[in-house]
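**Student:** For the sequence shown, my numbering gives the first residue as 6, with consecutive numbering after it.
For every residue, glycine included, the Cβ atom is placed at its ideal position computed from N, Cα and C.
Please read these numbers as outputs of a predicted model, since none were measured by experiment.
Once you've had a glance at the structure underneath, I'll fire off some questions.
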Amino acid sequence: MVSIEKIKEFISNIKQPQIISTFVIKDNNLYSIDIKTYLQASGRCSRITPNGVTYGVSLIFDDEIFLEPLSKNAYFNNFEILAPNKLDINKTKEKIDNSRKKNGEENDLDFKTYLMVVESPTKAKQIAQMFGNPGITRIGNIQAFESLSPIGIVIIVPSIGHVVELSIDNLDNTTKEENIFNVIIKKDKYHNQIKKIKTLYSPIKKCKNCNKTFSSISNKCPYCSSEDLISSMENINTLKTLSFFVDGLILATDPDSEGEKISFDILNLIKTNNYQRIIFNEITKKAIVNSLHNPIQIRNNLVEAQLVRRIEDRWIGFALSKILQEKIEDQNISAGRVQSPVLNWIIEKYKEYNNKKRFAIVEEFKIQFIDSDIKGEAELEIKIIDQYTQKLNILPFNTPDILMFANNILKISSQETMRILQKLFENGLITYHRTDSYHISDQGINIAKEIYSRKGWEFNYKNFPQTHAHEAIRITKPLEPEDIKIAYQDKISNTELRLYEMIYKKFLACFTKENYIKIQKYKFILKQGNKQNELEQERIIDTIGQAFQILPYLAYKTTPLQEGKYKVKVKNIKKSTTMLYSQSDIIKMMK
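Next up, the structure:
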């Protein structure tokens, strides 16, 4: 904790006006932006009338140095301060006048009510708070948030993930040939071709005693026989009851195939025709409002993709697990479609790891010669056989890339990285984090432009590959990591902040001018009497470009070596010719 005296001393030593995150130091004073008072005052520009909401404009006349911290505070409170050149004065004046006319249709309120379903309570709360202080109530096991949105009153509730899953019960009386782990295959009896596939689902239940989840109609846990269970049908019945009291259903689950399947299941269980599906890649007010005004239908292609993958998981996983359980005589052991081949990679690598050979190690030059028995005093000759410059194409993070990066640089496991990304996404700080895309939207480009302008950097516009509906992982607001640290304080840990900072820096590095790495290729010759070993190796000796100043981890630079012959000490040890896989290696292989 810093004392008041230390703060005063720090302020008194600053001679020029200075912005520190959302604070301003000027004339030996520390200023903090009172955003709540501004919102209260600017709210008087607009009023609710019998004809709807009148349109209003708040014009800010103040010292320019205060606008940056005001803008940052605005982002944290889900609105944006516009520069004068972004506002069409004539159109705005016309809009204000029309909204005040008795029969003006501008901004008419539609007081319809909607039930909006998302996956998690955090996401529900985050969206609800974008439209003011929500009303909060508990209905059954569900916490509901009520807000006034641009389309009417929305009651936002979480589904708590998937609500049904392929059943572990034998729910069908057909023969085993037709029922493969509760996937029913109907064949044409004349041509023996698959005519129809039917999947059997059950509610997802969680045992309070052993904490395991399963999908079954049984009211007894198959693992510990406890009857103290939580069923997803309890939440579905609550949603079904709520749907009777609203004008429409809004399905706002994640934009990937898993989210689409959750929306599909909820729609079929609630049984309503009056629904809207909305998708957004970031939890910001702008993205949410845009999605509310542009609803879509359930995307059946994504539902089918999830269904096929789940059937594949079930067939391969259950079949392999059955063989494994019989072989090892343990009913609690299991195998999977993805886990099993990956485990085989790890086992094969471990076998290779155990195949040890002798290495001659020259620590001074960080060189290792394999299959060498040279040790003690020796001569090392270094030759430069090639040198070239290579352009580095810098792209933002997608999911595999950030998992590898977090594991290599921040030493965070994949599971922990995904947990942090989920938290950052649900708090509206980054875009959706389950993506293979490198695409950056116009909105993202504008955020980068604003940061570059603020820093006085030269912005370099780039076209990013657009091969997916989703974006790459990027920040959603033009906010520095230090701004996030101050605004969220105890809500975000240092590790979570470090990951946000890496996303922020990689995103900014994408818009720098051309960046290059300079590479030298060496030939190392180790001699001792009649013994000789040779090795060729490439090393990065220099980095050129602003991106490396923003994010030094983009390339590892080594000191250039001089040609010549050197007397060196050689350490000889017996060790593996390969390293065991890290999580980063596995992710790279799976990608």
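Would DSSP call residue 524 helix, strand or coil?
**Tutor:** Looking at residue 524 - three-state DSSP - the assignment turns out to be strand.
**Student:** In terms of residue numbering, what span does the alpha helix (DSSP H) encompassing residue 245 cover?
**Tutor:** Looking at the DSSP string, the run of the alpha helix (DSSP H) that includes residue 245 is 237-248.
**Student:** Would you kindly report the start and end of the unbroken beta strand (DSSP E) that includes residue 319?
**Tutor:** No beta strand (DSSP E) holds residue 319; the alpha helix (DSSP H) holding it covers 305-333.
**Student:** Any chance you could list the alpha helix (DSSP H) runs of at least 4 consecutive residues sitting entirely within the stretch 416-494, in chain order?
**Tutor:** 419-431, 447-460, 486-493, all fully within the stretch 416-494.
**Student:** For residue 329, which of 341, 319, 318 has the nearest alpha-carbon?
**Tutor:** With distances taken between Cα atoms, residue 329 lies closest to 341.
**Student:** Leaving out five residues on either side along the sequence, give the residues of the same chain with a beta carbon under 8 Å from the beta carbon of residue 280.
**Tutor:** 253, 254, 255, 256, 272.
**Student:** Between which two residues does the alpha helix (DSSP H) harbouring residue 17 extend?
**Tutor:** Run containing residue 17: 9-17, per the alpha helix (DSSP H) assignment.
**Student:** Please report how far the alpha carbon of residue 32 lies from the alpha carbon of residue 264, in whole angstroms.
**Tutor:** Roughly 53 Å between the two C-alpha positions.
**Student:** In terms of residue numbering, what span does the beta strand (DSSP E) encompassing residue 538 cover?
**Tutor:** Residues 536-549.
**Student:** Verify whether the separation of the beta carbon atoms of residue 62 and residue 30 is less than 9 Å.
**Tutor:** Not in contact: residue 62 and residue 30 (Cβ atoms no closer than 9 Å).
**Student:** If you measure between the beta carbons of residue 245 and residue 275, is that distance less than 9 Å?
**Tutor:** Their beta carbons are under 9 Å apart, which means residue 245 touches residue 275 by this criterion.
**Student:** Can you tell me where the alpha helix (DSSP H) with residue 288 in it begins and where it stops?
**Tutor:** Careful: residue 288 lies outside any alpha helix (DSSP H) and carries neither H nor E.
**Student:** Mind checking residue 433: buried by the 16 CB within 10 Å criterion, or exposed?
**Tutor:** Its Cβ being crowded by 16 or more others within 10 Å, residue 433 is buried.
**Student:** If you run the structure through DSSP and keep just helix, strand and coil, what is residue 398?
**Tutor:** Of the three classes helix, strand and coil, the one that applies to residue 398 here is coil, per DSSP.
**Student:** Between the alpha carbons of residue 94 and residue 407, how many angstroms are there, rounded?
**Tutor:** Their backbone Cα atoms lie some 43 Å apart in a straight line.
**Student:** Starting from the Cα of residue 71, find the closest Cα among 59, 83, 92, 22 and give me that residue.
**Tutor:** Of the candidates 59, 83, 92, 22, the one whose C-alpha sits nearest the C-alpha of residue 71 is 22.
**Student:** Starting from residue 302, follow the beta strand (DSSP E) in both directions and report where the run begins and ends.
**Tutor:** Element bounds for residue 302: n/a, residue is neither H nor E.
**Student:** Just the C-alpha distance for residue 16 and residue 25, rounded to the nearest angstrom, thanks.
**Tutor:** Looking at the two C-alpha atoms, the distance is approximately 11 Å.
**Student:** Count the other CB atoms within 10 Å of the CB of residue 60; is the residue buried (16 or more) or exposed (fewer)?
**Tutor:** So residue 60 counts as buried.
**Student:** If you draw a straight line from the C-alpha of residue 430 to the C-alpha of residue 287, how long is it?
**Tutor:** Distance between the alpha carbons of residue 430 and residue 287 is about 7 Å.
**Student:** Check whether the Cβ atoms of residue 283 and residue 301 lie closer than 9 Å to each other.
**Tutor:** Result yes, Cβ atoms of residue 283 and residue 301 sit closer than 9 Å.
**Student:** In the DSSP assignment, find the beta strand (DSSP E) that holds residue 84 and state where it starts and stops.
**Tutor:** Here residue 84 belongs to no beta strand (DSSP E), and DSSP marks it neither H nor E.
**Student:** Please determine if the stretch 549-564 and the stretch 512-522 are in contact, where contact requires at least 3 C-beta pairs separated by less than 8 Å.
**Tutor:** The answer is yes - the stretch 512-522 touches the stretch 549-564, with three or more Cβ pairs under 8 Å.
**Student:** Going by C-alpha to C-alpha distance, which of 260, 325, 509 sits closest to residue 303?
**Tutor:** Out of 260, 325, 509, 260 has the C-alpha closest to the C-alpha of residue 303.
**Student:** For residue 387, tell me which candidate among 449, 567, 409, 485 has the shortest Cα-Cα distance.
**Tutor:** Comparing Cα positions, the closest option is 567.
**Student:** Within 10 angstroms of its Cβ, does residue 343 collect 16 or more other Cβ (buried), or is it exposed?
**Tutor:** Exposed, by the Cβ-count rule.
**Student:** Excluding sequence positions up to five away, which residues of its chain have a Cβ less than 8 Å from the Cβ of residue 503?
**Tutor:** Cβ neighbours of residue 503 beyond the five flanking positions: 415.
**Student:** Could you pull the start and end residues of the beta strand (DSSP E) that residue 361 belongs to?
**Tutor:** From DSSP, the beta strand (DSSP E) with residue 361 extends over 361-367.
**Student:** Helix, strand or coil: how does DSSP classify residue 558 here?
**Tutor:** Helix at residue 558.
**Student:** For residue 111, which of helix, strand or coil comes out of DSSP?
**Tutor:** Residue placement at residue 111 cannot be trusted, given a pLDDT of 46 that sits under 50; what the coordinates show is reported in the next sentence. DSSP places residue 111 in coil when its eight states are reduced to three.
**Student:** Going by DSSP, what residue range makes up the alpha helix (DSSP H) through residue 503?
**Tutor:** Start and end: 499-514.
**Student:** State the start and end residues of the unbroken beta strand (DSSP E) segment that holds residue 204.
**Tutor:** 198-204 is the span of the beta strand (DSSP E), which, as asked, contains residue 204.
**Student:** Please say whether residue 243 and residue 145 have beta carbons closer to each other than 9 Å?
**Tutor:** A contact, by the Cβ cut-off of 9 Å.
**Student:** Just to confirm my understanding: we take residue 584, look at its own chain, exclude 5 residues before and 5 after, and list those with CB closer than 6 Å. What are they?
**Tutor:** Taken in chain order, the list of residues that qualify is empty.
**Student:** Tell me whether residue 91 is buried or exposed, calling it buried when 16 or more other Cβ atoms sit within 10 Å of its Cβ.
**Tutor:** Under this definition residue 91 is an exposed residue.
**Student:** Would you list the residues sitting across from residue 163 in a DSSP beta bridge?
**Tutor:** Partner(s): 123.
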